[in-house]
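Colleague: Residue numbers (the working numbering), protein chains in the order written: chain S, 3 to 350; chain C, 3 to 350.
Where a beta carbon is used, it is the ideal one built from N, C-alpha and C, also for glycine.
Every value quoted in this text rests on a predicted model; they were computed, and no experiment measured them.
Pasting a structure here, questions to come.
Number of protein chains: 2
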Amino acid sequence: MSQRPRRATILEVASAAGVSKTSVSRYYSGERDRLSADMSRRIIAAAERLGYQPNPMARGLKGGPSGLIGMLVADIRNPFSVAVMHGVEQACREQGLSLMVCNTDNDPEQERKHLALLSSYRIEGLVVNAAGRYSEALSQLADGGTPVVLLDRALAGVDADEVGLDNAAAVDMALDHLIGQGYRRLLFITEPPAQASSRQARLDRFQARCAEHRLTGETLSTDLGDDDALAAALDRLTSPERDDQASDAMGPAAILCGNGQVTLAMTRCCHRRGISLGPLGLIGIDELDWCDLVDPGITTLAQPTDDIGQAALNALRNRPASQAGRAPRRLLFAPHLIARGSTQLSPG
Amino acid sequence: MSQRPRRATILEVASAAGVSKTSVSRYYSGERDRLSADMSRRIIAAAERLGYQPNPMARGLKGGPSGLIGMLVADIRNPFSVAVMHGVEQACREQGLSLMVCNTDNDPEQERKHLALLSSYRIEGLVVNAAGRYSEALSQLADGGTPVVLLDRALAGVDADEVGLDNAAAVDMALDHLIGQGYRRLLFITEPPAQASSRQARLDRFQARCAEHRLTGETLSTDLGDDDALAAALDRLTSPERDDQASDAMGPAAILCGNGQVTLAMTRCCHRRGISLGPLGLIGIDELDWCDLVDPGITTLAQPTDDIGQAALNALRNRPASQAGRAPRRLLFAPHLIARGSTQLSPG
DNA sequence: TTGTATGCGTTATCAA
DNA sequence: TTGATAACGCATACAA
Chain S
3 MSQRPRRATI LEVASAAGVS KTSVSRYYSG ERDRLSADMS RRIIAAAERL
53 GYQPNPMARG LKGGPSGLIG MLVADIRNPF SVAVMHGVEQ ACREQGLSLM
103 VCNTDNDPEQ ERKHLALLSS YRIEGLVVNA AGRYSEALSQ LADGGTPVVL
153 LDRALAGVDA DEVGLDNAAA VDMALDHLIG QGYRRLLFIT EPPAQASSRQ
203 ARLDRFQARC AEHRLTGETL STDLGDDDAL AAALDRLTSP ERDDQASDAM
253 GPAAILCGNG QVTLAMTRCC HRRGISLGPL GLIGIDELDW CDLVDPGITT
303 LAQPTDDIGQ AALNALRNRP ASQAGRAPRR LLFAPHLIAR GSTQLSPG
Chain C
3 MSQRPRRATI LEVASAAGVS KTSVSRYYSG ERDRLSADMS RRIIAAAERL
53 GYQPNPMARG LKGGPSGLIG MLVADIRNPF SVAVMHGVEQ ACREQGLSLM
103 VCNTDNDPEQ ERKHLALLSS YRIEGLVVNA AGRYSEALSQ LADGGTPVVL
153 LDRALAGVDA DEVGLDNAAA VDMALDHLIG QGYRRLLFIT EPPAQASSRQ
203 ARLDRFQARC AEHRLTGETL STDLGDDDAL AAALDRLTSP ERDDQASDAM
253 GPAAILCGNG QVTLAMTRCC HRRGISLGPL GLIGIDELDW CDLVDPGITT
303 LAQPTDDIGQ AALNALRNRP ASQAGRAPRR LLFAPHLIAR GSTQLSPG
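And the structure:
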């Protein structure tokens, strides 16, 4: 409709209200109490009429607060990431902040670009859940004073707090549950650990605890791309034809899936091969929509994603002014066991 | 590490390189060919050393291209939205654009805020998948010349193209499939149609086609909040105790779920009540991770989400300069039927 | 081919 | 309590 739909500027509002632009600026900078009632009235009237809204770019140029939080997500299609993002978002809303999300799709180049963008938009904080490599750009941002929180991964050389799952506790819970249910031969499956510290942490803990308990604890690292690797591991676990000893004597077998993606891939693999769960144990880290729906129900360790998201934003905001030399904080959350049929040896 | 981690400015690069800032600006504005080799070399060296990167805010202030595409998502936890977002993102990457995503969580206030933000960041286009109400802010943005594409919903009064599923074709496919499989009593379940035009379109088509075929075609609109509504509808459909006529004579019953969320809720409802699918038909619009995993497999109509995402970005970019009076384009995509056990009357 | 000067919309500093 | 003016970092018309 309108011929000149360009957004009104502070100057236009000022002249329309018959005041100086400084006053208008003050009004929008939260110094309303320092303006006379009459002035406030005229400003708001003019602004209303012109549909004025301060331009964040110009604002940002001057260095004022942007009210912007950024979030970098490695894989937007991972339900866990989305769930946490939702938590961050809720927290932002409560504090009147806006959240901008960039998906890097595990592409370092994208990560760099998005980082540069967010940084130049003067975000007041950044939640990062990106590829686990060291990032020069990220480090620069953190050194530049922008609070950074690492989500679900640690990154050496970057001055940032960490928020995520208590991986050791999670693995312990999984193992205790499996052992308590009578499983004795364990297999841990993970996506490549090099890409995320949490994967490595879970893997390490798994191996340590298995050794402690003197249990057979094998591990498989795969990118889930080829079903064959999963199938092979499955065969090894389920077929009792082993050289060393009679595996039956060693008791039933169970799989611990390192995250939701693995749980999906593994469940699918079992489903295809007609392997029924329960007799073969299956427990996964991360709760998913469908875990109560597929056959005996998939036992999971649910992460408190909302809490994690909230904590991430809090860590961003409550950070002590002087960071120098301070050891990064680590906010770890315990998971919640949801026991279902897939870890029940005999159908209840 | 660095004491003065503030990002380097064009001026600093210029003086470090011993040239004027204009030349540096030119270098970064794609006019490198108009600079002498020597100058280019010095500029890039200085920029490299200082880690210089142009400030998009300052750039944006002047009105240059921002290389930014915005996307508004109503519910980030909806896998369909995420899948489309991924498509948009891929397309952006190919064109060297950055995508910023804001989740409105179906909150009009959030939508308004995010819209204002994106708009002020001079986005070159906006993909909107938000609540289906008319939005003054959105309309203003579109009138202001920013290309807008409506995703999966129409919005009267907004000058924008539409991209999404061919809802009529989808419902037709579903109905043809169900009827072909022998189902005769049909129930369509949708989330509140008022919130999204696509829901209404699917509902309308369902009713029209059922009338055409002289089939019992009931509908249920629910927000999925209470399981009871679903359960009641289920009972009505499955229990043959009806007043009008012997329902058995009318043949087997099937449910068409209006989207993925409905499919999930309905599958869960059936699962809880021990109703086996197949004998009760179930088909859902939207393919989901777990559809091949739960009991007989859930038949779905998969949307070509990547194509839709691509098309959305294309619509944004290839838009004729003068929009005035032009009827909005409508880019509709046909779904792809994935037949599974849930629409097979007798187990194959 | 290179440089100078000006303006983009806002906030901050200072003066009134 | 208010206003004039100088930055902020960059692009661009214009001059050299």
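Count the other CB atoms, across all protein chains shown, that sit within 10 Å of the CB of Gly62 (chain S); report buried if there are 16 or more and exposed otherwise.
Modeller: Classification of Gly62 (chain S): buried, given that the 10 Å Cβ count is 16 or more.
Colleague: Suppose you measure from the CA of Leu318 (chain S) to the CA of Arg332 (chain C); what does that come to, to the nearest Å?
Modeller: Straight-line Cα distance between these residues: approximately 43 Å.
Colleague: Mind checking if Val160 (chain S) is an interface residue toward chain C, Cβ cutoff 7 Å exclusive?
Modeller: So, not an interface residue.
Colleague: Which class does Met3 (chain C) belong to by DSSP, given the choice of helix, strand or coil?
Modeller: For Met3 (chain C), the predicted structure reports a pLDDT of 38, less than 50, and the residue's modelled location is therefore unreliable. A value from the coordinates is still provided. Coil, per DSSP.
Colleague: Taking Cβ-Cβ distances shorter than 8 Å, what residues in chain S pair up with Ser1 (chain C)?
Modeller: With chain C represented from 3 up to 350, any question about residue 1 (chain C) goes unanswered, as that position is not in the structure.
Colleague: What is the rounded straight-line gap between the Cα of Cys104 (chain S) and the Cα of Arg187 (chain C)?
Modeller: So the alpha carbons of these two residues sit roughly 45 Å apart.
Colleague: Spell out whether any CB of chain C is found under 7 Å from the CB atom of Val84 (chain S).
Modeller: So yes, Val84 (chain S) belongs to the interface.
Colleague: Please look up how many angstroms separate the CB atoms of Asn169 (chain S) and Arg135 (chain S), rounded, as I've assumed it's under 8 Å.
Modeller: No, Asn169 (chain S) and Arg135 (chain S) are not in contact; Cβ-Cβ is about 19 Å, not under 8 Å.
Colleague: Look up Thr218 (chain S) in the DSSP assignment and give the residues it is bridged to.
Modeller: Per DSSP, S:Arg187.
Colleague: Taking 7 Å as the threshold (beta carbon to beta carbon), is Thr345 (chain S) in contact with chain C?
Modeller: Output row for Thr345 (chain S): interface = no.
Colleague: For the beta strand (DSSP E) that contains Asn108 (chain S), what are its first and last residues?
Modeller: No beta strand (DSSP E) contains Asn108 (chain S), which DSSP labels as neither H nor E.
Colleague: Helix, strand or coil, according to DSSP, for Ala162 (chain S) in the structure here?
Modeller: If DSSP states are grouped into helix, strand and coil, Ala162 (chain S) belongs with coil.
Colleague: Give the secondary structure of Arg274 (chain C) by DSSP, where H, G and I count as helix, E and B as strand, and everything else as coil.
Modeller: Three-state result, Arg274 (chain C): helix.
Colleague: List the residues of chain C whose Cβ lies closer than 9 Å to the Cβ of Met41 (chain S), in chain order.
Modeller: What Met41 (chain S) touches in chain C: nothing, since even the nearest Cβ is about 24 Å away.
Colleague: Name the chain C residues that come within less than 7 Å of Val296 (chain S), Cβ to Cβ?
Modeller: Trp292, Leu295, Val296, listed in chain order.
Colleague: Quick one: complete beta strand (DSSP E) runs, 3+ long, within the segment 62-105 of chain C?
Modeller: Runs found: 70-75, 100-105.
Colleague: With DSSP as the reference, identify every bridge partner of Cys259 (chain C), one or two as the case may be.
Modeller: According to DSSP, Cys259 (chain C) bridges with C:Ile191, C:Gly286.
Colleague: At a CB distance below 8 Å, what residues from the segment 252-271 of chain C approach chain S? Give them in sequence order.
Modeller: Going along the segment 252-271 of chain C in chain order, one finds Leu266, Thr269, Arg270 with a Cβ nearer than 8 Å to chain S.
Colleague: Whose C-alpha, out of S:Asn57, S:His116, S:Gln97, S:Glu91, is nearest the C-alpha of Thr106 (chain C)?
Modeller: Nearest option by C-alpha distance: S:Glu91.
Colleague: Name the residues in the segment 58-70 of chain C whose C-beta lies less than 7 Å from a C-beta of chain S; which are they?
Modeller: Cβ contacts with chain S come from Pro58, Met59, Ala60, Gly62, Leu63.
Colleague: With a cut-off of 7 Å, does the C-beta of Arg79 (chain C) fall near any C-beta of chain S?
Modeller: By this cut-off, Arg79 (chain C) is an interface position.
Colleague: Give the single residue among C:Leu153, C:Ala47, C:Tyr30, C:Asn57 whose Cα lies nearest to the Cα of Leu74 (chain C).
Modeller: Ranking the options by Cα distance to Leu74 (chain C), first place goes to C:Leu153.
Colleague: Does Glu91 (chain C) have its Cβ less than 7 Å from a Cβ in chain S?
Modeller: True, the Cβ-Cβ gap to chain S drops below 7 Å.
Colleague: In the DSSP output, which residue or residues are listed as bridge partners for Ser223 (chain S)?
Modeller: Ser223 (chain S) pairs with S:Thr192.
Colleague: Taking the C-alpha atoms as reference points, what is the distance between Gly299 (chain S) and Ser199 (chain S)?
Modeller: Roughly 29 Å separates the two Cα atoms.
Colleague: Based on Cα-Cα distance, which residue from S:Pro337, S:Gly127, S:Leu315, S:Leu37 lies nearest to Asp288 (chain S)?
Modeller: Considering only alpha carbons, the answer is S:Pro337.
Colleague: What is the residue span of the alpha helix (DSSP H) that Leu177 (chain C) lies within?
Modeller: Counting along the chain, the alpha helix (DSSP H) containing Leu177 (chain C) begins and ends at 169-182.
Colleague: Are the CB atoms of Ile285 (chain S) and Ala176 (chain S) within a distance shorter than 7 Å?
Modeller: Yes; because the gap between Cβ atoms is below 7 Å, this pair is in contact.
Colleague: Cα separation between Gly98 (chain C) and Ala162 (chain S)?
Modeller: Computed Cα separation, rounded: 29 Å.
Colleague: Check Thr301 (chain C) in the structure and name its three-state DSSP category.
Modeller: Here Thr301 (chain C) sits in strand by DSSP.
Colleague: Three-state secondary structure (DSSP) at Leu266 (chain S)?
Modeller: In the structure shown, Leu266 (chain S) sits in a helix (DSSP, three-state: H, G or I).
Colleague: Report the three-state DSSP secondary structure of Val296 (chain C) (helix, strand or coil).
Modeller: Val296 (chain C): coil per DSSP, three-state reduction.
Colleague: Shortest alpha-carbon distance to Cys293 (chain S) belongs to which of S:Val150, S:Ala341, S:Ala255?
Modeller: For Cys293 (chain S), the nearest C-alpha among the options comes from S:Ala341.
Colleague: If distances are taken between C-alpha atoms only, which option among C:Gly32, C:Leu52, C:Ser68 comes closest to Leu13 (chain C)?
Modeller: Considering only alpha carbons, the answer is C:Leu52.
Colleague: Sort out for me which residues DSSP pairs Asn131 (chain S) with in a bridge.
Modeller: DSSP output for Asn131 (chain S) lists S:Val75 as bridge partner(s).
Colleague: Just list the residues that DSSP pairs Arg332 (chain S) with in beta bridges.
Modeller: Beta-bridge pairing links Arg332 (chain S) to S:Glu164.
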